[in-house]
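To start, the structure under review is shown below, and the notes come after it.
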Amino acid sequence: MDTQAQIKEIVTSHPVVLFMKGNAQFPQCGFSGNAINILKASGVEKLHTVNVLEDEGIRQGIKQYANWPTIPQLYINGEFIGGSDIMTEMFQSGELQKLVKG
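Heads up: the sequence shown at position 52 corresponds to 52 in UniProt numbering, and the numbers run straight through without jumps.
Below is the structure:
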């Protein structure tokens with residue numbers, strides 16, 4: 001399976017997916033840590049995380065998949081939502097909470 005197919009399989013197999021540096025218990029950058037805190041505060045119970053530091057193919061491939069240059073990247077129900085800044089804005093407006101409770 002090529003990297004793009006692998007990424008598609010991941011984002012369509014889980015309701016909420018975060019591609020990040022590190023994992024939910026140990027984020028390895030401030031933006032990833034912020035994303036985890038926002039998702040917890042939004043009431044996400046079933047979060048699937050992918051540590052891009054463990055797989056260079058995924059790390060580069062996810063940037064192409066969404067045509068988005070930075071990590072973390074959030075997907076809800078297979079749809080690309082955005083990175084840490086967009087998540088912050090959506091959380092503050094209440095939009096993210098509505099999406100995850102969907």
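Glycine residues also receive a C-beta, built at the ideal position from the N, C-alpha and C atoms.
| Query | Result |
| --- | --- |
| Best match in Pro15, Leu74, Asp2 and Ile62 for proximity to asparagine 34 [C-alpha to C-alpha] | Leu74 |
| Selection from Ser42, Met20, Phe26 and Glu9 that minimises the alpha carbon distance to glutamate 89 | Ser42 |
| Complete beta strand (DSSP E) runs within the segment 52-86 (minimum length 3 residues, chain order) | 73-76 and 79-82 |
| DSSP beta-bridge partners of proline 27 | Gly22 |
| Among Thr3, His48, Gln25 and Asp2, the one whose alpha carbon lies nearest that of valine 16 | His48 |
| Backbone CA spacing between isoleucine 7 and isoleucine 36 [nearest angstrom] | 20 Å |
| Glycine 94 burial status per 10 Å Cβ neighbour count (16 or more: buried) | exposed |
| Boundaries of the alpha helix (DSSP H) in which glutamate 95 is found, first to last residue | 95-101 |
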